[in-house]
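K.L.:
Per numbering that gives the first Met the number 0, residue 0 is the first one in the sequence shown, and the count goes up by one each step.
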Amino acid sequence: MVLNLDFIKKGPILFIGCHPDDIELGCGGLLNKIKNQYTIFALTLSKNQVNSSNKNLIKEQKKSLDSLGIKNSKNIVADFTTREMFKERQEICDYLWTIKKKINPTCVFVTPNDLHQDHQVCNIEAQRVFRDCTILEYFISRSTFFDKPRIFVELSKTNIDAKIKALKNYKTYKNKNYFYEDSIWTSSKFFGSKSELEYCEVFNPISMIIK
């Protein structure tokens with residue numbers, strides 16, 4: 000299935016990540032593709048400051064998302080604890096309810112229910128809160144294993160270039176192999192080959208609300 004967002008006629012789109020970089024890694028190309036078509040908010044649940052080497056992450060995240068069209072006024076960063084979100088499930092649920100009432104999104108993109116414990120919590124709590132919204136989980140190469148992606152979003156070379164440019168703002172992670180340019184290109188081409196597309200990002204639907 001090649002995703003067309005034309006059915007989203009009301010309300011903004013909310014992208015949720017657990018950590019700085021989640022949203023760009025999973026949806027950076029899509030964000031560049033739709034940035035002028037929809038009202039878009041980003042929510043990151045953790046500042047990921049447990050490790051002192053991450054002290055610049057939030058500055059880097061703001062620059063990264065800004066380059067993809069999400070300005071500071073629509074870039075929300077919470078302060079839950081990285082790798083310990085399972086201890087804060089109810090607090091995260093309550094916080095997501097607050098965000099929902101403030102933004103009233105029609106469509107939510109969320110971390111996958113994958114190997115990372117924080118992603119699992121975010122995914123499940125988002126399902127509890129946004130059950131009346133379309134919810135799509137995105138793919139993060141380092142931790143996600145999609146046996147069979149259901150939704151393929153066609154991207155242009157310009158979209159992928161913008162994603163790579165955004166991720167280059169993360170100087171903290173410049174030596175991580177999943178940040179390498181060839182890793183991003185390889186992933187977009189690999190999934191594209193499965194759907195007769197040149198480049199794409201992939202998603203799985205949790206719920207689809209069409210009114």
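Just so you know, even glycine gets a beta-carbon here, dropped at the ideal spot from N, CA and C.
Determine the DSSP secondary structure at residue 120, reduced to helix, strand or coil.
P.N.:
Residue 120: helix per DSSP, three-state reduction.
K.L.:
Taking residue 155 as the reference, give the member of 172, 187, 142 and 137 with the closest Cα.
P.N.:
Of the listed residues, the one whose Cα sits closest to residue 155 is 187.
K.L.:
Tell me, please, which residues DSSP counts as bridged to residue 133.
P.N.:
Answer by DSSP bridge pairing, in chain order: 106.
K.L.:
Pull up the DSSP beta-bridge partners for residue 153, would you.
P.N.:
DSSP lists 199 as partners of residue 153.
K.L.:
In the DSSP assignment, find the unbroken beta strand (DSSP E) run with residue 15 in it and report its ends.
P.N.:
Residue 15 -> beta strand (DSSP E) spans 12-16.
K.L.:
Does the segment 48-59 come close enough to the segment 130-140 to have 3 or more Cβ pairs within less than 8 angstroms?
P.N.:
With a cut-off of 8 angstroms, the segment 130-140 and the segment 48-59 do not count as touching, because too few Cβ pairs lie within range.
K.L.:
For the candidate residues 127, 26 and 197, whose alpha-carbon lies nearest to that of residue 203?
P.N.:
The shortest Cα separation from residue 203 among 127, 26 and 197 belongs to 26.
K.L.:
Helix or strand or just coil, what does DSSP make of residue 41?
P.N.:
Reduced to three states, the DSSP call for residue 41 is strand.
K.L.:
By DSSP, does residue 66 sit in helix, in strand, or in coil?
P.N.:
Looking at residue 66 - three-state DSSP - the assignment turns out to be helix.
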